[in-house]
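Enquirer: Structure below; questions to follow.
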Amino acid sequence: MALATFRLPDRITSSALAAFEFSPGAGVEAAEILSGGPAETFQRIMRDQESEPVLLAARQILHAMLGEADGAGPDSADGIAAEVLAARAELAATAAELVPDESRRRMLLRERAPLALLAGCWLDMLSQPATQPSVIVNRLLQDHFVLKGEGNIQRSVQHVRHRELAESGIYLPPVGAEDFLRRAEVRPLTAAFACCYLALSRLPAAFLPEVVGVHYAFLALGTDDLLTGTPGPLPEPALRAALAEYLELTRDSVTGAADRNRLRAAVRLVLGLERAHVAMLAELAQWHDDLPLDTRVAAIVARHAPFAGDHHRGVRVRGRLLTETFADPEFDVAAFLDEFRRSRQVKPLRTGSCRFLDSIRFGGPMFGIFDEHEAATLAQWVRRAQDGDLPPIRLCRNEVGDDRAAAWRAAVAAARPADVRFTDAEPEGDRELLYRLVNIEHFANTLPLARQRAIEGLLAAEILFEHGARGRYTDASFFDYSPAALLDRVERIYWDKLMGPYRPLTDIPDRDEVIFGQTAFALGNLIDGAWAHRMGNAGRYHRRSDGLLLSIYLDEMGRGDLRKNHLTLIHQVLHNLSVPLPHIRDAAFRDQDLLPETHGQYESAIHQLCLSLFPDTFYNEILGYNLAIEMYGLGELRMHEIEKLRRHGLDTAYEEAHLSIDNISAGHSRQATDVITAYLDDVQRTLGAAAVPGEWRRIWRGYASFAYFAEHRLRRELAGTAAAADTELAI
């Protein structure tokens, strides 16, 4: 029976896979992630993008939240937009009442910080081998390109908003920092809602309709823009156009009705989350407005007391050392404040001040401990105490949003998605493994195997540290790093191995042989760019190398222009060669026999995919791999392929695109060198020169791992030498 083949354009609207596989032990670990509460769950999902328990936790969160959303309503872009913009008008009216007061505005912006800084995170991994070259994914990739500052991290929406917070006097660490939520002092409900968007960002291919709905609804609502009075990062008409394009695609899809229902449910989810959060902000603002001064001071004291240490030495309040008071595990802040306001530290001096206020002013021993707003609050409280206004200390516990946060926590803990299966991953051969890696969101139980395969490939490649100079197109022999040494090696590889040997072909193979040669390398082309598709995720997009590497990946995908997308080009070429393949994401691809399993193509593709799934663990190796693969597209090999294809009137678009965009002068090969230099420069600045050699060795191991799978002849020679040595030893 003929296989279902893939034809451009890729009009996919949802994943064809319905189940999610996890290892048997993943359930217990996911439950632990979710049991700690919204803040702990946020922290784990944010900081761990490589483990299957996190993916299972994300699946449970989405099940709990989307299960409550109503998918009824209009299914046209204009109808959905009308509903969203009506909600925006409601939120705008509330926001206008909330933000005029500067201190209140600052408090609300701090509370919104996690959500504001996550805007667009659902697009971070949407572009991947399973979804490219989809029409809708590339349309959304254009938005992703803008949100990420077009590869310039300083212009990304996350960094722009971070600077806006600082300009308002809100100084927070990066959203991915371990202490971000503590420093932001957000309520549990805010952390819970942030978890919803983060969960979607971890499973975007599996939840494509939801990504489209969330993307439009969140950015068109523009809650954060309403609070700051700034224009949104993307105009609503452009967002609506993308929404309309997706809805149009669903009209011809067999899953179209279900996909539209899922999209509407996602829109309703966002409307519900944002309305609830703005309502919580209004309640929080009222709570702060009504807050007794004592409670404000208590919060300040509680915030700083754990860091007092031995700094107060002999200072006593009403006879007790402050070091003992603050170190007491049963520290009672209300009782302390009652004692403190009666102490000599607060009693007025002839100068009109007091010992405590003098201590926190410039020149005092506590200067700089409290920020401007805290100092003003403490001064107001001291004046009241000095005036004899001493009513009983009354503290108010902040429980705003806690009921709903508790309900969220219970719903997520109880979520049992029917599509989740617990089973060990036991792929039968490399074809099955490749299928699972491409569709990793549905086969998270394959992640441990992927990690092991990546490690094995990297360790095996280290043999080229000694023998790599013998490579035909690469030179993975190890050398000590310096920016000049790296550039010299790159240029020598280019001239000695890629361009120097080039001579125009005098004997062109016949058409069938040329087509066979193209199919022999097609598998790697079908996952072009995959090594970097997880770069730039929320919480990690801060190094110069991050922006440079993401920019290269976005170029590979045509920056959202389907005509320039390299995966579009290779499918176009394969169609021209009359090679009717299924899409690599389809189960049918496992059974195709049109791509020969020569030259270790499956091994090479699997190694690339395995590396890509661990962007934190193998960051250095990915930088080196990136350099090797970008340079491989240059010189004799590519130019000879173009000559062969042209002689037979075949499509040269894919070969020509790489020969141009990967150029060593300013293209990807040179950019790949700059990525490495920028990263190691940052390492030297932050960790010192002694840390550079170890980081560099790992980078070059990544380069060697590409060469190991690309240099088939050298690999066979080395294997033969090793076998001969073993035989000699045996004799």
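Just so you know, we're using our numbering here: the sequence shown kicks off at 822 and counts up by one.
Each residue gets a CB set at the ideal place from its N, CA and C atoms; glycine is no exception.
Considering residue 1242, what are the terminal residues of the beta strand (DSSP E) in which it resides?
Expert: 1241-1243
Enquirer: Skipping 5 residues on each side, what residues in its chain have a beta carbon closer than 7 Å to that of residue 881?
Expert: By the criterion of a C-beta distance shorter than 7 Å, residue 881 is surrounded in its chain by 851, 855, 1233, 1236 and 1238, once the five residues flanking it on both sides are discounted.
Enquirer: Does the Cβ of residue 1045 lie closer than 7 Å to at least one heavy atom of the ligand HEM?
Expert: In terms of ligand content, the structure shown is empty, and the ligand HEM therefore cannot be addressed.
Enquirer: Per DSSP, residue 984 is paired with what?
Expert: Beta-bridge pairing links residue 984 to no other residue.
Enquirer: Excluding five sequence neighbours on each side, which residues of the same chain lie with their C-beta closer than 6 Å to the C-beta of residue 1162?
Expert: 1206
Enquirer: Under three-state DSSP, which class holds residue 1534?
Expert: helix
Enquirer: Does any residue of chain B bring its CB to less than 8 Å from the CB of residue 1256?
Expert: Absence of chain B from the displayed structure is noted, only one protein chain being present.
Enquirer: Would you say residue 1094 and residue 1001 are within 8 Å of each other, going by their C-beta atoms?
Expert: No, they are not a contact pair.
Enquirer: Taking the continuous alpha helix (DSSP H) assigned at residue 1568, which residues delimit it?
Expert: In this structure the chain extends from 822 to 1552, so residue 1568 is not present and cannot be described.
Enquirer: Answer with buried or exposed for residue 822, where buried requires no fewer than 16 other C-beta atoms within 10 angstroms of its C-beta.
Expert: The predicted model places residue 822 with a pLDDT of 41, which falls under 50 and marks its position as unreliable; any figure quoted below should be read in that light. Exposed, by the Cβ-count rule.
Enquirer: Using 8 Å as the Cβ pair cut-off and three pairs as the minimum, do the region 1427-1446 and the region 1456-1469 touch?
Expert: no
Enquirer: Tell whether a beta-carbon distance below 8 Å holds between residue 1276 and residue 1295.
Expert: no
Enquirer: Just mark residue 992 as buried or exposed, buried being the case when its beta carbon has 16 or more other beta carbons within 10 Å.
Expert: By the beta-carbon neighbour count (other beta carbons within 10 angstroms, threshold 16), residue 992 is exposed.
Enquirer: Using 8 Å for Cβ pairs, my map puts residue 873 next to residue 1266. What's the rounded Cβ distance?
Expert: Contact between residue 873 and residue 1266 holds: CB atoms are separated by about 6 Å, below the 8 Å threshold.
Enquirer: Ordered along the chain, which non-local residues of its own chain (more than five positions away) have a Cβ less than 7 Å from that of residue 1350?
Expert: If you ignore the 5 residues before and after residue 1350, its C-beta comes within less than 7 Å of the C-beta of 1374, 1377, 1378 and 1387, all in its own chain and listed in chain order.
Enquirer: Tell me which residue opens and which closes the alpha helix (DSSP H) that residue 1177 is part of.
Expert: Its alpha helix (DSSP H) spans residues 1176-1181.
Enquirer: When the Cα of residue 1538 is compared with those of 1329, 1291, 1489 and 1359, which residue comes out closest?
Expert: 1291
Enquirer: What's the call for residue 853, buried or exposed, on a 16-neighbour Cβ count within 10 Å?
Expert: exposed
Enquirer: Can you tell me where the beta strand (DSSP E) with residue 843 in it begins and where it stops?
Expert: 841-843
Enquirer: Just to confirm the assignment, what range does the alpha helix (DSSP H) spanning residue 1356 have?
Expert: Counting along the chain, residue 1356 sits inside no alpha helix (DSSP H), nor does DSSP assign it H or E at all.
Enquirer: Is it true that the region 1212-1222 meets the region 1007-1026, where meeting means three or more beta-carbon pairs spaced less than 8 Å apart?
Expert: yes
Enquirer: Can you give the Cα-Cα distance for residue 1482 and residue 1475, rounded to whole angstroms?
Expert: 11 Å
Enquirer: Could you tell me which residues DSSP puts in a beta bridge with residue 1142?
Expert: 1137
Enquirer: Considering only their Cβ atoms, is the gap separating residue 957 from residue 1070 smaller than 8 Å?
Expert: yes
Enquirer: Just to confirm, are residue 1116 and residue 1216 a CB contact at a threshold of 8 Å?
Expert: yes
Enquirer: Within the same chain, show all residues whose beta-carbon is closer than 7 Å to that of residue 1081, passing over the 5 residues directly before and after it, in chain order.
Expert: Cβ neighbours of residue 1081 within its own chain (closer than 7 Å, five residues either side excluded): 896, 1068 and 1071.
Enquirer: Among 1364, 1097 and 1436, whose alpha-carbon lies nearest the alpha-carbon of residue 976?
Expert: 1364
Enquirer: Which class does residue 1080 belong to by DSSP, given the choice of helix, strand or coil?
Expert: helix
Enquirer: For residue 986 versus residue 930, is the C-beta distance shorter than 8 Å?
Expert: yes
Enquirer: List in chain order: all unbroken alpha helix (DSSP H) runs of 4+ residues lying wholly within the region 1237-1320.
Expert: 1251-1259, 1268-1282, 1285-1288 and 1304-1313
Enquirer: So, using beta-carbon positions, are residue 1039 and residue 914 closer together than 8 Å?
Expert: no
Enquirer: Does the beta-carbon of residue 1177 have 16 or more other beta-carbons within 10 angstroms, so that it is buried, or is it exposed?
Expert: Under the 10 Å beta carbon count, residue 1177 is surrounded by 16 or more other beta carbons and is classified as buried.
Enquirer: Using the Cα positions of residue 1507 and residue 1488, report the straight-line distance between them to the nearest angstrom.
Expert: 28 Å
Enquirer: For residue 831, write down the residues that DSSP places opposite it in a beta bridge.
Expert: 955
Enquirer: Would residue 1325 be called buried (16 or more neighbouring beta carbons within 10 Å of its own) or exposed?
Expert: exposed
Enquirer: Distance check for residue 1152 and residue 1242, CA to CA, integer angstroms please.
Expert: 48 Å
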